[in-house]
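In our numbering, the protein residues as written are 62 to 250. In this text, a Cβ means the ideal position worked out from N, Cα and C, and glycines have one as well.
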């Protein structure tokens, strides 16, 4: 028998892996193998996290205050992630606030995704990732953080003009990173 390997370098928030934040997703390979549980930080509000094993990432929020975090499972079977804001990150972390948590991008798709708006610009946030269900060697996955670009026709006043032709002429569109429609202000009477 040989001793267990050491935990990964990003086993706690003070040694979190910094994610580069661009305008598109650039996945980095990573994993939760041999990670240990982090104590003293509020448990995430989703996924199965009883006495689990987690790894940490950090990201600087873009000036827009919008941040997206995507994952892609490679060898992991089911992971979850949570986004935190913190008053004092290290060496003695205090003031941890859970912002949001996600354990599935959609029903039946166990790859978590977070799209958060309204974060304090240029602040550092922390991302906790763990294998659901107390799987010790949760496995490998990829992760990225980026500034979501809102589609140009996100609101009614910027709606795309559809061509009117005798035959159907499809155009390409997307709802990726679309936001909730802002109601029009009331018209004064």
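Length of the line joining the Cα atoms of residue 110 and residue 220: Whole-angstrom Cα-Cα distance: 43 angstroms.
Beta strand (DSSP E) segment containing residue 236, residue limits: That residue, residue 236, is in no beta strand (DSSP E); it is neither H nor E in DSSP.
Residue 80 versus residue 129: straight-line alpha-carbon distance, rounded: Between residue 80 and residue 129, the C-alpha separation is close to 11 angstroms.
Given residue 151 as reference, the closest of 136, 179, 186 once Cα atoms are compared: The residue with the shortest Cα to Cα distance from residue 151 is 186.
Three CB pairs or more closer than 8 angstroms across the segment 112–123 and the segment 156–163: Counting C-beta pairs closer than 8 angstroms gives fewer than three between the segment 112–123 and the segment 156–163, which falls short of the contact rule.
CB of residue 239 within 7 angstroms of CB of residue 212, strictly: Contact flag set, yes.
First through last residue of the beta strand (DSSP E) which encompasses residue 142: Bounds of the beta strand (DSSP E) holding residue 142 are 140–146.
Beta strand (DSSP E) segment containing residue 12, residue limits: Nothing can be reported for residue 12: it is not among the residues displayed for the chain, which extend from 62 to 250.
Status (buried if at least 16 other CB within 10 Å, exposed otherwise) for residue 100: With fewer than 16 other CB atoms across the displayed protein chains lying within 10 angstroms of its CB, residue 100 is exposed.
Which listed residue (143, 161, 126, 132) has its alpha carbon closest to that of residue 273: Summary: the structure shown does not reach residue 273, with the chain confined to residues 62 through 250, and so no result is reported for it.
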